[in-house]
Amino acid sequence: MEILKNYINGSWVESKSTSSADVVNPANQEIIAKVPVGKSTGQDMALAIEHAHKAYEDWKNVPTMKRVQPLFSLKKLLEDHKEEIAVLITNECGKTFAESLGEVQRAIENVEVACGAYVMGQSEFSENIATGIDEFMIRQPLGVCGCITPFNFPGMIPFWFLPYAIATGNAFVIKPSEKVPMTMQYVFELIDKNLDLPKGLLSLVHGGKDAVDAMLQDSKVKAISFVGSTPIAKYIYSEGAKYGKRVQAQGGAKNPVVIMPDADVEMTTRIITDSVYGCAGQRCLAASVIIPTGDDKGVFKEALVEAAKLRTTGYGMDAGTEMGPVITPESKTRIEGLIQKGIDEGGNLLLDGRNTTISGYEKGNFVRPTILEGLPLNGDLMGTEIFGPVMSLVNFKKLEETIDFINKGKYGNMACIFTRDGLAARTFRNRVMAGNVGINIGVAAPVAQFPFSGWKDSFFGDLHGQGRHAIEFFTQTKVVIERWPRNWSRKF
Ligand code: NAD
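Be aware that the sequence shown starts at 72, since it is given in my numbering, and climbs by one per residue.
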């Protein structure tokens, strides 16, 4: 099997590296590709950046209205090939076909929003700040920008950045997760065949840490967008700063969802179950800690256990599958180990999804829905991102106590509440320390025109991906103060 090529300077080129890693379908362990890894991928990255920098020198002078034209074509391309892209996502990442289609839709919406970059990036102008003097602020591109993305949304996450970077006049290099390189490989094949972009403007470089480090250390790279786990996000943020780059780094999560006693049982159960077990729990906005609050009679616990039992687990392309496998055998082992840790810490296992095999997919990395209750609040597991289909149930008597508990957690990606009480909802949304808040919503994912927020250890940086924040991230402001006197000989 051939090792995947990189897309550099408008052509497919072989990696300098001869080492490779297998790309594996998590439902059956079939090897679907080989991806370059190892030291020499750093040279691939350097080459891509060099060509990107040349492309940037011309692209920065192209008017924004012209720069967004290829994005209209890109949107159409993604729409026309939505199903093929979704099949690739399911086969390399494991999620269900419906989830993959939803993911591509989010990518398309980001391209759509970036097409409006001209309006979003408008200059600010003040006439006559003093006699005959005007002042205005313009936005200019940064140069070569790069993104490093995780395994769980191979078709969507690059698009939180790519269309905005291009629309604002930058050149862009993508380093996808080496676990799931096929989706971007296909998107770049589409781009190569159908879009008339300057050579070098968009590049795809495969690899792992070596390729990332080469991006971090290259002085031609001015900004890096990262999405992945918190330890690596911290690394990218601090190394990026060391090398003088602008960085936005999104990290991990452990998302709490509060259920007030007045919440609708059927709706709440259905939505929370989808949130916890959607994408097999491998979503940075997956509900993880479920907190019935107030005078709970166990109604929600019972309903959640029953709903979880009914979830159909299997290969994502099979009709009727509601939950696919987790990404790797190591990930399955890690998740099952964390469930055991929960039991060892004193948790009560209400539903055990370990040791699962699915008929016809015996080698798949399947973990069925799992529910733990009674974990110690200060225990290790309560503070650990499981990133698998595991729900932890905790109870509090008062909403204030629940909010205090949530705010003590180290992550701040998402927090949700289910209630019919406007005051409870208002108190929650105002006080809770999380960047994305849902009220009667299970996955509070911002649509493309809003920034994908995140607080505490879930985000390092200032400006987020998507929408206006992305436009700001990929541009630097320049304030110009101009004097044009009517009479040059007049003394000022
Ligand atoms: P990861 O951190 O292992 O990998 C992410 C990227 O970093 C990959 O491209 C990988 O090649 C690179 N990388 C890995 N180790 C590196 C190292 N030592 N040095 C330099 N680069 C390195 O994350 P993952 O397992 O692919 O993704 C899952 C994580 O991503 C979860 O923690 C999840 O919560 C998080 N995530 C967060 C968001 C968000 O918006 N906050 C969205 C999706 C996923």
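Where is the CB? At the ideal position from N, CA and C, for every residue including glycine.
- Short of 6 Å from the beta carbon of R177, and not among the five residues preceding or following it, lie these beta carbons of its own chain, in chain order: M227.
- With a cutoff of 8 Å on beta-carbon distance, I209 and E163 are scored as not near each other.
- I488 is the residue among I410, I488, P212 whose C-alpha sits nearest the C-alpha of T340.
- Inside the stretch 475–533, DSSP marks whole alpha helix (DSSP H) runs of 4 or more residues at positions 493–502, from first to last along the chain.
- With the rule of 3 Cβ pairs closer than 8 Å, the stretch 77–89 counts as touching the stretch 105–115.
- Residue environment: L448 is assigned as exposed (fewer than 16 neighbouring CB atoms within 10 Å of its CB, all protein chains considered).
- At the C-beta level, K250 and I398 come within 8 Å of one another.
- At the C-beta level, G81 and K270 come within 8 Å of one another.
- For the 8 Å CB-CB criterion, V283 and A119 do not form a contact.
- Per the C-alpha coordinates, the member of G203, Q256, N77, D129 positioned closest to I160 is Q256.
- For the set E180, I477, L272, M338, the Cα lying nearest the Cα of W130 is the one of L272.
- Three or more Cβ pairs closer than 8 Å define a contact, and the stretch 137–145 falls short of that threshold against the stretch 324–338.
- Closest by C-alpha distance to V158, out of Y386, L443, I307, is Y386.
- A residue is called buried once 16 or more other Cβ atoms fall within 10 Å of its Cβ, and E543 is buried on that count.
- Counting of Cβ neighbours within 10 angstroms places G454 among the exposed residues, the total staying below 16.
- Looking at the DSSP output, Y78 bridges to W83, L275.
- Note that the C-beta distance between A358 and V376 is not below 8 Å.
- DSSP, reduced to helix, strand and coil, places V465 outside both helices and strands of the structure shown, so it counts as coil.
- Judged by DSSP secondary structure, R210 falls within the beta strand (DSSP E) whose first and last residues are 204–212.
- With a cutoff of 7 Å, Y306 counts as near ligand 1, since its C-beta is closer than that to a heavy atom of the ligand.
- Spanning the alpha carbons of E195 and G315 requires a straight line of approximately 27 Å.
- Assigned with DSSP and collapsed to three states, T301 falls in helix.
- Scanning its chain for C-beta atoms nearer than 8 Å, with the 5 sequence neighbours on each side dropped, one finds around V175 the residues L149, K153, I156, A157, I160, G226, M227, in chain order.
- Residue nearest to P134 within the set V95, I204, P212, E198 is P212 (criterion: CA-CA distance).
- N265: member of the alpha helix (DSSP H) spanning 253–265, first to last residue.
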